[in-house]
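Q: Below is the structure I would like to discuss, written out as structure tokens.
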Amino acid sequence: MRGQLPVQAPPGISLTSPNALNVHLRPKPGAAVLFDMDTGRVLWQLHALRIRPIASVTKMMTALIVTERLRDDDTALITREALHFHGSEVGVLPRGRRVPVRTLLYGALLPSGNDAAIALADRVAGNDADFAKLMNARARQLGLSCTHYASSYGLQDGNKSCAADMASLARVVMRVPRIANVVRHEHVSLPFPWLKGGRLDLYSTNPLLRFGYRGTIGLKTGSTNAAGICLVAVVHRETHTLGVVLLHSPNIGAQAMQLFNAGFRALRGV
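Quick note, the sequence shown lines up with residues 443 to 712 if you use our numbering.
Listed below in structure tokens is the structure:
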């Protein structure tokens with residue numbers, strides 16, 4: 443699979459039509475897709491089947507596996523291994539204590555905490571390597587032929603996919619209420635007895651939520667040197683829900699808004 447382009451788009455994503463919109467992203471991202479979340483129809487795409495590193499966009503699949511196997515009120519032990527990794531993190535998880543899965547899902551999906559993702563992976567599979575096997579098996583079940591996972595958190599270059607696969611996965615995860623209810627938040631304050639004051643404040647890395655872009659309801663960012671800056675985002679307005687995937691974008695916020703603006707204008711017939 444790796445190193446080769448798939449011969450077809452993943453299930454639920456239609457790449458058969460030429461670009462329906464006249465959109466020019468400058469500078470160009472490595473790959474991009476604008477699509478209808480309800481039908482899977484692609485309105486605009488650039489290199490949609492090109493395989494690229496996806497960084498912490500990985501955590502969409504992490505969250506899917508976790509919600510399929512654990513309840514919110516289950517707990518996960520915070521180990522030395524979970525706290526060992528640098529990069530994005532919750533940063534205050536208490537070593538040797540058990541933290542609710544719900545809190546860790548927020549920690550993995552909003553600030554993109556690697557520590558939270560690893561703690562969840564350990565709780566499900568015993569270690570991160572075996573959790574990645576579950577992720578790859580689920581990707582195969584979903585027909586994501588571009589996609590390969592090496593970890594739950596995405597720092598390795600071995601976590602790869604294409605924009606079309608991530609669009610298909612976005613349609614799946616946003617149908618999971620436990621995930622959709624997390625990623626819609628720009629900020630949450632959660633019970634957390636290990637901090638003075640007893641609350642943990644978490645903030646989303648999604649620029650559309652932070653900018654207050656109208657109708658934004660999720661999803662996930664990612665960033666490494668190899669992947670560049672990546673974004674999967676979903677916006678709902680009136681009766682339409684559109685999604686955008688940007689991989690290795692020079693400006694995920696501006697380019698996502700450019701695509702969404704064009705898409706909603708087209709749907710209104712403007």
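Ideal Cβ positions, reconstructed from N, Cα and C, are used throughout, including at glycine.
#1: Beta-carbon within less than 6 Å of residue 483's beta-carbon, same chain only, minus the 5 sequence neighbours each way: which residues are those?
#2: Answer yes or no: do residue 474 and residue 485 have a C-beta to C-beta separation smaller than 8 Å?
#3: Relative to the alpha-carbon of residue 655, which residue among 694, 597, 480 has its alpha-carbon at the smallest distance?
#4: Which of the three DSSP states, helix, strand or coil, is assigned to residue 652?
#5: Going by DSSP, what residue range makes up the alpha helix (DSSP H) through residue 463?
#6: Only counting the same chain, and skipping five residues up and downstream in sequence, which positions put a Cβ closer than 8 Å to that of residue 515?
#7: Three Cβ pairs or more, each shorter than 8 Å: is that satisfied between the region 464-478 and the region 679-697?
#8: Where are the alpha helix (DSSP H) runs, 4 residues long or more, that stay fully inside the region 567-625, in chain order?
#9: Within the continuous beta strand (DSSP E) that includes residue 733, where are the two ends?
#10: Considering only residues of the same chain and omitting the five flanking positions on each side of residue 540, which have a CB-CB separation below 7 Å?
#11: Hey, is residue 602 close to the ligand SAM, as in C-beta under 7 Å from one of its heavy atoms?
#12: Can you find at least 3 beta carbon pairs, one from the region 603-616 and one from the region 628-639, that sit closer than 8 Å?
#13: Name the DSSP bridge partner or partners of residue 736?
#14: Taking Cβ positions, are residue 506 and residue 582 nearer each other than 8 Å?
#15: Are the C-beta atoms of residue 628 and some chain B residue less than 8 Å apart?
#16: Straight-line CA distance for residue 657 to residue 650?
#17: How about residue 585 and residue 452: are their beta carbons less than 8 Å apart?
#18: On a CA-only basis, which of 499, 704, 468, 636 is nearest residue 604? Give me that one, please.
#19: According to DSSP, simplified to helix, strand and coil, what is residue 435?
#20: Does residue 595 pass the burial test, meaning 16 or more other C-beta atoms within 10 Å, or should it be called exposed?
#21: Let me confirm a value: residue 553 is counted as buried when at least 16 other C-beta atoms fall within 10 Å, else exposed. Which label applies?
#22: Under 8 Å by Cβ, that's how I've got residue 666 and residue 597 pegged, so tell me the actual separation to the nearest angstrom.
#23: Going by beta carbon distance, what residues of the same chain come within less than 6 Å of residue 618, once the five residues before and after it are set aside?
#24: Tell me which residue opens and which closes the beta strand (DSSP E) that residue 708 is part of.
#25: What do you get for residue 463, buried or exposed, if any count of 16 or more other CB atoms within 10 angstroms of its CB means buried?
#26: List the endpoints of the continuous beta strand (DSSP E) containing residue 518.
#27: What residue range does the alpha helix (DSSP H) around residue 501 cover?
#28: Mind checking whether residue 535 and residue 525 have CB atoms under 8 Å apart?
A: Let's see:
#1: These residues qualify, in order along the chain: 456.
#2: Against a cut-off of 8 Å, the Cβ pair of residue 485 and residue 474 comes out as no contact.
#3: It is 694.
#4: Reduced to three states, the DSSP call for residue 652 is helix.
#5: Taken as a continuous stretch (DSSP letters only), residue 463 belongs to no alpha helix (DSSP H), as it is neither H nor E.
#6: Within the same chain, residue 515 has close Cβ partners 542, 543, 544.
#7: At 8 Å Cβ cutoff, the stretches touch.
#8: Counting only runs of 4+ residues, the alpha helix (DSSP H) found wholly inside the region 567-625 occupies 570-583, 605-615, 619-625, in chain order.
#9: It is not possible to answer for residue 733, since the shown part of the chain is limited to 443 through 712.
#10: Same-chain partners within the cutoff: 517, 518, 519.
#11: Inclusion of the ligand SAM in the displayed structure is not the case, the ligand content being empty and no account of it being possible.
#12: At 8 Å Cβ cutoff, the stretches do not touch.
#13: Examination of residue 736 is not possible in this model, given that the chain is present from 443 through 712 alone.
#14: Taking 8 Å as the Cβ cut-off, residue 506 and residue 582 do not qualify as a contacting pair.
#15: No chain B appears in this structure, which consists of one protein chain only.
#16: Distance between residue 657 and residue 650, taken at the CA atoms: about 9 Å.
#17: Here residue 585 is near residue 452, since their CB atoms are less than 8 Å apart.
#18: In terms of Cα proximity to residue 604, the closest of 499, 704, 468, 636 is 499.
#19: This structure gives no information on residue 435, because the portion of the chain shown stretches from 443 to 712.
#20: Residue burial annotation: residue 595 is buried, with at least 16 other C-beta atoms found within 10 angstroms of its C-beta.
#21: Classification of residue 553: buried, given that the 10 Å Cβ count is 16 or more.
#22: At roughly 6 Å, the Cβ-Cβ gap stays under 8 Å, so residue 666 and residue 597 are in contact.
#23: Leaving aside the five residues that flank residue 618 on each side, the residues in its chain whose CB is nearer than 6 Å to its CB run, in chain order, 509.
#24: The continuous stretches of beta strand (DSSP E) do not include residue 708, which lies in the alpha helix (DSSP H) extending over residues 694-710.
#25: Exposed is the call here.
#26: Per DSSP, the unbroken beta strand (DSSP E) holding residue 518 starts and ends at 517-519.
#27: Counting along the chain, the unbroken alpha helix (DSSP H) around residue 501 starts and ends at 501-511.
#28: Taking 8 Å as the Cβ cut-off, residue 535 and residue 525 qualify as a contacting pair.
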